[in-house]
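Here is the structure we will look at, set down as structure tokens.
There are 2 protein chains.
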Amino acid sequence: MNSRKPKVIIVGAGFGGLFAARTFINKPVDVLIIDKNNFHTFTPLLYQVATSALDPSEIAYPVRSIFQRSKNIKTLMGTVTDINVEEKTIHVKTDLQEKTETYDYLLLATGSTPTYYGNDHFKQHALELRTLEDALAIRNHILSRFEQATWEKDEAQRKALTTIVVVGGGPTGIETAGAVYELYNHVLKHEFHHHALTAKVILLELGNKLLTPYPDKLRNSALKQLESLGVEVKFGNSISEVRHDFVTLKDGTMIPSYTLIWATGVKGSPLAELLDVPLERNGRLPIHPSTEVINRPDVFAVGDMTYLEDSTGNPYPMVIPVAQQQGVLAANNILARINGKAPEPFDYHDRGMMATIGRRRAVAWIYNKIQLTGFLAWLAWLGLHLLTLLGFRNRTQVFINWVWNYFTYDRSVRLIIDMEEQAEEKSISYKKEAST
Amino acid sequence: MNSRKPKVIIVGAGFGGLFAARTFINKPVDVLIIDKNNFHTFTPLLYQVATSALDPSEIAYPVRSIFQRSKNIKTLMGTVTDINVEEKTIHVKTDLQEKTETYDYLLLATGSTPTYYGNDHFKQHALELRTLEDALAIRNHILSRFEQATWEKDEAQRKALTTIVVVGGGPTGIETAGAVYELYNHVLKHEFHHHALTAKVILLELGNKLLTPYPDKLRNSALKQLESLGVEVKFGNSISEVRHDFVTLKDGTMIPSYTLIWATGVKGSPLAELLDVPLERNGRLPIHPSTEVINRPDVFAVGDMTYLEDSTGNPYPMVIPVAQQQGVLAANNILARINGKAPEPFDYHDRGMMATIGRRRAVAWIYNKIQLTGFLAWLAWLGLHLLTLLGFRNRTQVFINWVWNYFTYDRSVRLIIDMEEQAEEKSISYKKEAST
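From first to last, the protein sequence lines are chains U and P. Taking the numbering used here, the leading residue of the first sequence gets 1, the next gets one more, and so forth. Taking the numbering used here, the leading residue of the second sequence gets 1001, the next gets one more, and so forth.
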């Protein structure tokens, strides 16, 4: 009567892990979600936190809260440091202690991480936009550079402090560049008018076109929309050096800038290395169409961290819908295995893609058929994001913020909060305390 | 025609500095506000950020934005490190550089800072609640301790991780203790139900009564309301030791707890020491009734950092209304001096005081005459805070959040965001970069 239910451990509470966990609600399995954060991040809007348009809590939601009413789903905050596929255990570290957990089925969904293509020293001076902490760091950084620019007598220095370089012509790069320019043009310009500061936003695309997978019409439109906004777009130039106060391109161009946002280049999460199997390019973990990891029984993996080819031989893109759909499939396939049934292969339903450029421009390629540009595309983008935002409160509040920002450009979120200083002053982390 | 206008430097963008600056809008003076933050903090609601009920941006507002349309008011972010009253200059430090500014009139309004009454080593393990960073540190700390408690097998340790000690029976202590208990009782309890965690909130008042300046009826009501909520109140016990995992009282009682919030004991801002005049007790700077600093011509000071006696010989309390009214008076008296007129003395309009206890309990002493308790007092508190919150957007949003919280107890702000780790990984601060 009280026989043990199979235990599934999900590592990662991103889109893949969350959609898998949802599929397990009230199913005859015990689920443990492990994530290093206590919240899920709605990553498509990270750039809005970075540009002071939204608060962190408007795009992040506590995982415990999502599964509060699901008796079979538990949550633990920690980092997985080891996986033993023979003994079916994983090792987890928290600030407080280390712990070993046993699983019947393991589902890995830890996403991706930036890569600098061998130029790892770029990382030291580059800002990334992958996590909520990243977004807050960018917000602090940009606002601080503007504050510093007001003190600066040297004109060249002053310009460098308000020049923002965004690397990457994909959706993240385009959205970030557009939002940074609007933050300057509609907010900071007016607040710093005593100091006659001007900002420059440069989007560097290393290839020859923006939004590579999109049709030409949308790509050209994206470029035109970005330029009409005020963003300078530079193509076909790779980066040879990044320092705290300048960027140098391969053709010798030197851009004085204190702010470089790295919105290009991702590789699979390093967690995949713990499985000790050969990885595909970009560190992606090869999986079967069932989302089972090749040669690692009872281990499943989904989303950005995985490598799976579609019927044309191309790998599925590292995008959220793939992660979500693979998450659901992995959960259903684990349930099938438990019931002695055959798993189903992955069948991607591609609903298209879209990218927004500022607050009323966008490009959208719906079902990879209908092409929208400008305001109509922006409305489609807005609708999609409102529909998919997790948690009712967040949705309402983000909507209110958007409407408010739309009509007023007010951005009261532009606070420079330096938690580093705070942490230095006291031993607020458990780790430090415990070692005293 | 273009003769130089007198220059006023205001140090501190708290309630005193802000109300002074507002008084100077469009007056024939050039004003420079210097603050180490780029925002004003609505400190009465800090405890709501600390207990995950409000977002930082809902109680903080960028100073530049407040004075965006005021041509004669400028803002600089930095820390004052020296004051030269002979040469009438101040020295300011930022991340980027150091700078000397000249003034005709100087107005100091940097408030107060916690004191441990000689036990400065308590500070290492105590959490404070004076700044937005403090509030976020408390939020991270409490939520992390709960997460850690879920891993802890030892019952005594588990209890210590979810025991929160608040020191101080004044309004901040009472509001914090009440809010922490509600955070547990209405939110965390349900989210951690798998782990059967229970929380204990202990309010330590070193004296024999809560809310010292209030009439007995309100004090007794506050105690009863706190206890009915679930908070344990301990009187008449001073603290002999604070460590990361316990607090010991003078009578030998040992309270195992990983969380101590220091909500008692403040002294005047250390900036006062730069003036090199004898200070009153608690490091408070003696001023004339005109708010001019004694023996320091053309230097004014207002609010918590100052010492001024009322007609009965008692010093004015370190409360926001005193700071606000002194700020306005200081500004008017500077204008009077410029026009060769005599300054006016300070005349305090005391509108009473109030403290809230959880989400529908409070005590209020309006005009020091009308005594309200319970729900009615809470409504008065709510009305007052909504009326006085700066910035329309904030007011609307805080109100929406409050209504939402009131009916649902939803608290999606309970995110653990560790900016320390972020900062360690990269050289995101200008200082570090500049030194490489």
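Positions of the beta carbon are idealized from the N, C-alpha and C atoms, including for glycine. Remember, it's a predicted structure, so these values are computed and weren't measured experimentally.
Exercise. Should HIS1193/P be counted as a contact of the ligand SAM given a C-beta to heavy atom distance under 7 Å?
Worked result: Only the bare structure without any ligand can be found here, which leaves the ligand SAM out of the picture.
Exercise. Taking C-alpha atoms, which residue in VAL1165/P, MET1305/P, ASN1072/P lies nearest to GLY971/P?
Worked result: There is no way to answer for residue 971/P, as the model of chain P reaches only from 1001 to 1436.
For this session: Can you check the stretch 1089-1172 of chain P for any beta strand (DSSP E) of at least 3 residues that lies completely inside it and give the ranges in chain order?
Result: Within the stretch 1089-1172 of chain P, the beta strand (DSSP E) runs of at least 3 residues that lie entirely inside it are, in chain order, 1089-1093, 1098-1102, 1105-1108, 1112-1114, 1163-1167.
Exercise. What does GLN1068/P touch in chain U if you count any residue whose Cβ is under 7 Å from its own?
Worked result: HIS190, GLU191
Exercise. If you drop the 5 nearest sequence neighbours on each side, which residues of the same chain put their C-beta closer than 6 Å to that of SER1238/P?
Worked result: LEU1206, LYS1250
Exercise. What is the C-beta distance between ILE1142/P and THR1259/P, in whole angstroms, given that I count them as a contact (C-beta under 8 Å)?
Worked result: 6 Å
Exercise. With C-beta atoms as the reference, is LYS1093/P less than 8 Å away from GLY1111/P?
Worked result: No, these two residues do not count as a Cβ contact at 8 Å.
Problem set entry | CA-to-CA distance, ILE1174/P to LEU1229/P, given in whole angstroms | 11 Å
Problem set entry | Same chain, Cβ closer than 6 Å to LEU18/U, neighbours up to 5 away in sequence not counted | Cβ within range, chain order: HIS40.
Exercise. Does any CB atom of chain U fall closer than 8 Å to the CB of HIS1040/P?
Worked result: no
For this session: Report the partner residues of MET1254/P according to the DSSP bridge assignment.
Result: THR1248/P
Exercise. In angstroms, rounded to a whole number, what distance separates the CA positions of PHE392/U and GLU58/U?
Worked result: Interpretation of PHE392/U is limited by its pLDDT of 47, a score under 50 that renders its predicted location unreliable; the figure taken from the coordinates is listed afterwards. Going by the C-alpha atoms only, they are around 11 Å apart.
Exercise. For GLU155/U, is the classification buried or exposed, using 16 other Cβ atoms within 10 angstroms of its Cβ as the cut-off for buried?
Worked result: Its Cβ having fewer than 16 others within 10 Å, GLU155/U is exposed.
For this session: Just mark ALA1196/P as buried or exposed, buried being the case when its beta carbon has 16 or more other beta carbons within 10 Å.
Result: exposed
Exercise. So, are the CB atoms of LYS1007/P and LEU1032/P less than 8 Å apart?
Worked result: yes
For this session: Check the Cβ of HIS194/U against every Cβ in chain C and list those closer than 7 Å, keeping chain order.
Result: Of the protein chains in this structure, namely U and P, none is chain C.
Exercise. What residues from the stretch 148-163 of chain U come within 8 Å of chain P, judged by C-beta to C-beta, listed N to C?
Worked result: Going along the stretch 148-163 of chain U in chain order, one finds GLN148, THR150, TRP151, GLU152 with a Cβ nearer than 8 Å to chain P.
Exercise. What residues in its chain sit with their C-beta under 6 Å from that of ILE138/U, if we drop five residues either side in the sequence?
Worked result: ALA50, LEU127
For this session: Buried or exposed for ALA342/U, please, with buried defined as at least 16 other CB atoms from any protein chain shown within 10 angstroms of its CB.
Result: exposed
Exercise. Comparing the C-beta of SER57/U with each C-beta of chain P, is any distance below 8 Å?
Worked result: yes
Exercise. ARG1284/P bridges to which residues according to DSSP?
Worked result: GLU1280/P
Exercise. When burial is assigned at 16 or more other CB atoms within 10 Å of the CB, is HIS125/U buried or exposed?
Worked result: buried
Exercise. Using the beta-carbon of each residue, which ones in chain U are nearer than 8 Å to ASP1120/P?
Worked result: The contacting residues do not exist; ASP1120/P stays about 12 Å from chain U at best.
Exercise. Which stretch, first to last residue, makes up the beta strand (DSSP E) that contains LEU1076/P?
Worked result: Its beta strand (DSSP E) spans residues 1073-1077.
For this session: Measure from the alpha carbon of GLN1437/P to the alpha carbon of each residue in ASP1347/P, LEU1136/P, VAL1247/P, then state which is nearest.
Result: With chain P covering only 1001 through 1436, there is no way to say anything about residue 1437/P.
Problem set entry | First and last residue of the uninterrupted alpha helix (DSSP H) at VAL445/U | Residue 445/U lies beyond the range of chain U shown here (1 to 436); nothing can be said about it.
Problem set entry | Inter-stretch contact (C-beta, 8 Å, three-pair minimum) for the stretch 1297-1304 of chain P and the stretch 1098-1110 of chain P | yes
Exercise. Since LYS5/U meets chain P, which of its residues come closer than 8 Å, beta carbon to beta carbon?
Worked result: Under the 8 Å cutoff, chain P gives no residues; its nearest Cβ is about 14 Å from LYS5/U.
Exercise. Taking the continuous beta strand (DSSP E) assigned at LYS267/U, which residues delimit it?
Worked result: Its beta strand (DSSP E) spans residues 266-268.
Problem set entry | For SER240/U, three-class secondary structure by DSSP | strand
Exercise. Quick one: is VAL31/U near chain P, going by C-beta distance under 8 Å?
Worked result: Closer than 8 Å: no.
For this session: Would you mind telling me which residues of chain P sit closer than 9 Å to ARG414/U, beta carbon to beta carbon, in chain order?
Result: ASN1038, PHE1039, SER1057, PRO1062, ARG1064, SER1065
For this session: Name, please, each residue of chain U whose Cβ falls closer than 8 Å to the Cβ of LEU1096/P.
Result: Within chain U, the residues near LEU1096/P are GLN148, TRP151, GLU152.
Exercise. Where do the ends of the alpha helix (DSSP H) carrying GLU309/U lie?
Worked result: Run containing GLU309/U: none; DSSP gives neither H nor E here.
Exercise. For LYS74/U, which of ALA21/U, ASP95/U, HIS121/U, PRO44/U has the nearest alpha-carbon?
Worked result: Minimum Cα distance to LYS74/U is reached at ALA21/U.
Exercise. Where does LEU32/U sit, in a helix, a strand or coil, going by DSSP?
Worked result: strand
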